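Below is one structure, written out as structure tokens, with a few remarks after it.
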Amino acid sequence: MIITKTPFRMSFFGGGTDMPSFFRENGGSVLSTTFDKYCYVNVRHLPRFFDYSTELSYSKTERVTNIEDIQHPAIKNAMKFLDMHEIRLTYEADLPARSGLGTSSSFAVGMLNAFYALKGKYADKKKLADEAIYLERELCQEAGGWQDQIAASFGGFNRINFTDEGYEVLPLIISPERKKQLNQNLMMFFTGFTRFSSDVQKANAAGKVDKTAQLKEMLSLVDDAEKVLTDKTVDLDEFGRMLDHTWKLKRQTGNAVSTSNIDILYEKGIKAGALGGKLLGAGGGGFLVFYVQPEKQAEVREAMKELMYIPFSFEDGGTRVIHYTPESYEPLV
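Structural data, given as structure tokens:
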């Protein structure tokens, strides 16, 4: 039995510049972190006592004898890609899917990690990130960028740069005190709305809006945000004001990014004292994160009292195997 634990990610700046259609021509960069909310993938070989050879449990249960009959596209394509047979897979998570935290990519990374472990093979973080990108973007043909798979695999607070030759992951060197202060100044709320990120991406692409100028400005903000975090002489509150700026830019990149309900919630947070914030992920729903000075946090919580408040802490782990039990059972080849 294998159990993997993979973190969810929180993207602050540069979202959208991780799309190959943009970064292969203009370059791209994302500032993001993982935090202490996870998905867990449990995989083991299925004994041959049943009239099915594969059992999958996620939001629904599937029992099949042929991989081609699997309805979940990521599981089906991953099993074919890594030649997996006769397995029982269970998925659990601390937070709901389709909520803007890169949950589908965390699942993809964690699943690939579990499959390799079940085969007795080691896959490093780069391999897992690359293959999760290939799985979701090529094999499953899901629209989207590359940042989620990389963040889930590597973990930590990073700047991820994208070029026409690939990507590089650069951990941010932030003093522990400043990192703790940033964490304490961020508040996250669940809007209750969920959506498929790929659907939002497709809807925005179908809008025929030229968003190159906005994306280039969003890209330039990554340098400024990195300086705020790493330079102790810069007021950390500037990070919050920049979040407001990047959210307003992102709102201009597609009609599916936000909704009237989300706009109302965001404005309520700002009026209550938040310096800035953004909707996490591709847009359309999920989690709102605000930058709020400590003395204003009670007012913001009161303004958001209809929403669920989610406390969190930054984490550095990335995907990992947390349980490994060798089995004597040998699967069919």
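Here the sequence shown is numbered in the working numbering, starting from 695 and rising by one per residue. Using N, Cα and C, we set each Cβ at its ideal position, and we do this for glycine too. Note that this is a predicted model, so its numbers are computed, not measured.
Here's the rule I'm using: 16 or more other beta-carbon atoms within 10 Å means buried, otherwise exposed. How should residue i be labelled?
i, result
"glutamine 895", "Note that glutamine 895 scores a pLDDT of 48, beneath 50, so its modelled location is shaky and nothing firm can be said."
"glutamate 862", "exposed"
"arginine 935", "exposed"
"glycine 860", "exposed"
"isoleucine 927", "This sequence places threonine at residue 927; isoleucine is not what is there. Under this definition threonine 927 is an exposed residue."
"lysine 731", "buried"
"threonine 759", "exposed"
"threonine 711", "buried"
"asparagine 879", "buried"
Identify whether residue i lies in helix, strand or coil by the three-state DSSP scheme.
i, result
"glutamate 1032", "Beyond the ends of the chain as shown, which are 695 and 1027, falls residue 1032; an answer cannot be given."
"leucine 795", "coil"
"glutamate 871", "helix"
"glutamate 862", "strand"
"glutamate 1009", "strand"
"phenylalanine 707", "strand"
"lysine 999", "coil"
"lysine 680", "Only positions 695 to 1027 of the chain appear in this structure, which leaves residue 680 out of reach."
"alanine 900", "With a pLDDT of 47 at alanine 900, under the threshold of 50, the modelled position of that residue is not reliable, and no figure is offered here."
"threonine 885", "coil"
"threonine 906", "helix"
"lysine 821", "helix"
For the alpha helix (DSSP H) holding residue i, just list the boundary residues, first then last.
i, result
"histidine 939", "931 to 945"
"phenylalanine 848", "841 to 848"
Bridge partners for residue i per DSSP, in chain order?
i, result
"glutamine 880", "The sequence given here places leucine at residue 880; glutamine does not occur at that position. The partner list for leucine 880 (beta bridge, DSSP) reads Tyr985."
"isoleucine 827", "None; isoleucine 827 has no bridge partner."
"isoleucine 1016", "Partner(s): none; isoleucine 1016 has no beta bridge."
"phenylalanine 809", "Answer is none; phenylalanine 809 lacks a bridge partner."
"asparagine 720", "None, per the DSSP bridge assignment."
"leucine 725", "Phe707 and Arg853"
"threonine 698", "Val735 and Val1015"
Nearer than 7 Å: is that true of the beta carbon of residue i relative to any heavy atom of the ligand ATP?
i, result
"tyrosine 828", "In the structure shown, the ligand ATP is absent, as is every other ligand, since no ligand is present at all."
Taking the continuous beta strand (DSSP E) assigned at residue i, which residues delimit it?
i, result
"isoleucine 1004", "Neither: isoleucine 1004 is in no beta strand (DSSP E) and is coded neither H nor E."
Legend entry - Length at least 3, wholly inside the stretch 948 to 991: the beta strand (DSSP E) runs in chain order: 970 to 973 and 981 to 985
Legend entry - Ordered list of alpha helix (DSSP H) runs contained in the stretch 730 to 802, each at least 4 residues: 767 to 775
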